[in-house]
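Residue numbers (this note's numbering), protein chains in the order written: chain A, 1 to 162; chain B, 1001 to 1162; chain C, 2001 to 2162; chain D, 3001 to 3162. Beta carbons: idealized from backbone N, C-alpha and C, even for Gly.
Protein chains: 4
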Amino acid sequence: MITMSPRPATATAGKAFVPIDPDYEARVRASFGRQGAMRLIGARLSALRPGYCAIELPFRDDLTQQHGYVHAGIIGAIVDSAGGYAGFTLFPADASVLTVEYKLNLLAPAAGERLIAEAEVVKPGRTLAIVRGEVYAEADCKRTLCAIMQQTLIVLLGKADG
Amino acid sequence: MITMSPRPATATAGKAFVPIDPDYEARVRASFGRQGAMRLIGARLSALRPGYCAIELPFRDDLTQQHGYVHAGIIGAIVDSAGGYAGFTLFPADASVLTVEYKLNLLAPAAGERLIAEAEVVKPGRTLAIVRGEVYAEADCKRTLCAIMQQTLIVLLGKADG
Amino acid sequence: MITMSPRPATATAGKAFVPIDPDYEARVRASFGRQGAMRLIGARLSALRPGYCAIELPFRDDLTQQHGYVHAGIIGAIVDSAGGYAGFTLFPADASVLTVEYKLNLLAPAAGERLIAEAEVVKPGRTLAIVRGEVYAEADCKRTLCAIMQQTLIVLLGKADG
Amino acid sequence: MITMSPRPATATAGKAFVPIDPDYEARVRASFGRQGAMRLIGARLSALRPGYCAIELPFRDDLTQQHGYVHAGIIGAIVDSAGGYAGFTLFPADASVLTVEYKLNLLAPAAGERLIAEAEVVKPGRTLAIVRGEVYAEADCKRTLCAIMQQTLIVLLGKADG
């Protein structure tokens, strides 16, 4: 029988990322605060460290698709934001971040009390950053992997975000 | 000099799709009406024909990312829905549609009066359907291509949508 | 009944691309000639114009996957090259091209006498270019769409390709 | 300063996969042996366990793109095969595997003595399986992450592979 529990991609122990801008957290939180879309859907930035960002989204009826699960586009929105800010933690203070592209696989219906999108930088760079993300649905303290993402970000130098 | 106007992918004239379910429009509109997320963001289904769907989204401040443009995730949400319903027009009456995955490239900042997401089935099938989509920003009656999408849908037979 | 013929993505009439480098064709052909992988699999550059490239691949038994169709990776290889050179036609003479990422959907088994990969630039840019591609299988003068691609290229300025 | 070492996606400890077919290894190796494309490029299946597959590719001049690195399409070919066989280990004995789609991000030039593509199933299923992959370049016993992949497979029941 096939066990259905999520299995991670091959994990290689990596050195921790050291941010160029020690004040990255204030910069990320201010930028997140300007995202009207995150406020509209009720998402909040729940964890942040260099190269990593998590966003939490409590379940609401007005976030659903036709079967009552969270809409794939809303799942995409939180994991795209998580990815963008995972990358942004590593950018210089005078740079902005834009998503070049993302690709999302939906693995299970997004139901439960809340979703948690986690994203981690796989490869930072001066021009582009490559990020992977996962979205989990939490119900009764149990987590189900419901989406995975692969994303490309671009660093806009000399364009401070604020 | 490089002209910046959008250029389509190679277009081959195709025969029109003939839907299995002649009442596809009522079925799609009822399903769209159940999408809480589309209502929340103010999206409306603006055009529908076999294998094709367009969704319109008037610009609002609460749909933005940190620079005041429409959030990439919201762009993904409308073009994912447009793609899903483009496919759904061709499904049997007792089937549901789910997104397996989508991939979105962002080409230009999504600003203006409204966005229009268009999606068209490239390859229908009994189990999977493959769809392409575009998102345009309209301002002063001028359209700018701001995103393109490639998507895989799955047909859930024997699970009527309603 | 659903007709199975391929349908293009929404086509918007676009102005023709004007290349920065009038000698783009010689530059592309010289670069293609340096691709050992294209020679190994027997691919040839069959058409080229600003923002567009086609690559032809005669069927061979040593290009197959386990069922005797052309391997998805070989399909990816020719359409990735076609996309890269579609973009490269529009680059300055002293720039190189690299693929940032591509996403390929397989639509039908790649069988027949030969494959034709076509790619067209959707959005050129100073740093990135976005491209769409299709792969057709030809048998008895009939074309079947067997794959579609979406791709991001990066322009490496000041690094002539040769 | 940003450290450039690869960082994995968030890893969650998963239960091991238990294959339906205890003879999965013989089935995978026989199928791999039928892939003309893998033989042509000199790839070999280097590791296999339930839900996991690794493919090794020694560097050769005839696998290159225009700058002398391994062609993105060849990188795609080995990681697509690794993904397909990672999924195939978990399929029933009378089923075949086909790639629905894959998306590949190129992170670093693929140079060195050999490439190693690793792929792991993230979500198995009765109809679809979702897989992640990485490609490493090895030189002087040092590994560089040069590509990451996200892939969808389809299970073709009742169509034994051989």
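In this structure, the CA atom of P3019/D is about 12 Å from the CA atom of L3048/D.
About 7 Å separates the beta carbon of E2101/C from that of L3106/D, a gap short enough to meet the 8 Å contact definition. For I1020/B, the secondary structure class from DSSP, reduced to helix, strand or coil, is coil. For the pair G3073/D and A2077/C, the CB atoms are nearer than the 7 Å cut-off. Taking 9 Å as the Cβ-Cβ cut-off, the segment 95-123 of chain A approaches chain B at S96, V97, L98, T99, V100, E101, Y102, K103, L104, N105, L106, P109, given in chain order. At least one CB of chain C lies nearer than 7 Å to the CB of T152/A.
Taking a beta-carbon distance threshold of 7 Å, L157/A does not count as an interface residue toward chain B. Using a CB distance cut-off of 7 Å, S2031/C counts as an interface residue toward chain D. Residue state for L98/A is assigned as strand, using DSSP reduced to three classes. DSSP places R44/A inside the beta strand (DSSP E), whose first and last residues are 44-49. Secondary structure note for A3086/D: it is in no beta strand (DSSP E), and the uninterrupted alpha helix (DSSP H) holding it is 3072-3088. Going by DSSP, A137/A is part of the beta strand (DSSP E) stretching over 128-139. With distances taken between CA atoms, A2037/C lies nearest to L2057/C out of P2050/C, C2053/C, L2057/C. One Cα belongs to C3053/D, the other to V3079/D, and the distance between them is close to 9 Å.
The C-beta distance from F1017/B to P1124/B rounds to 7 Å, short enough to fall under 8 Å. By the 16-neighbour rule on beta-carbons within 10 angstroms, L3157/D is exposed. Non-local C-beta neighbours of A3108/D in its own chain, meaning closer than 6 Å and more than five positions away in sequence, comprise T3144, C3146, ordered along the chain. Boundaries around L2156/C are those of the beta strand (DSSP E), 2142-2156, since no alpha helix (DSSP H) includes it. For T2064/C, at least one C-beta of chain D is nearer than 7 Å to its own C-beta.
In terms of beta-carbon proximity, I78/A stays away from the interface with chain D, with every pair separated by 7 Å or more. Taking 7 Å as the upper bound on Cβ-Cβ separation, chain C lies near residues I1130, R1132, E1134 of the segment 1127-1139 of chain B. Shown here, L2063/C sits in a helix according to DSSP, grouped into three states.
Here DSSP, grouped into helix, strand and coil, assigns R2039/C to helix. Apart from the 5 residues on each side of it in sequence, K3103/D sits with its Cβ closer than 6 Å to the Cβ of Q3150 in its chain, given in chain order.
R3027/D sits buried, since 16 or more C-beta atoms from the chains shown fall within 10 Å of its C-beta. Short of 6 Å from the beta carbon of F2032/C, and not among the five residues preceding or following it, lie these beta carbons of its own chain, in chain order: L2045. The beta-carbon of I3075/D is placed no less than 7 Å from the nearest beta-carbon of chain A.
The beta carbon of G42/A lies closer than 7 Å to those of L57, P58, R60 in the same chain, with the five residues before and after it left out. Partner residues in the beta bridge of L1115/B, as assigned by DSSP, are L1057/B, A1137/B.
Residues of chain D with a Cβ closer than 9 Å to the Cβ of S2081/C are, in chain order, Q3065, H3071, A3072, G3073. Taking 7 Å as the cut-off, the beta carbon of A3086/D is found closer than this to the beta carbon of V3121/D.
Taking C-alpha positions only, Q2066/C is separated from S3081/D by approximately 10 Å. Spanning the alpha carbons of A2160/C and I2148/C requires a straight line of approximately 30 Å.
For I1148/B, the closest Cβ of chain C is nearer than 7 Å.
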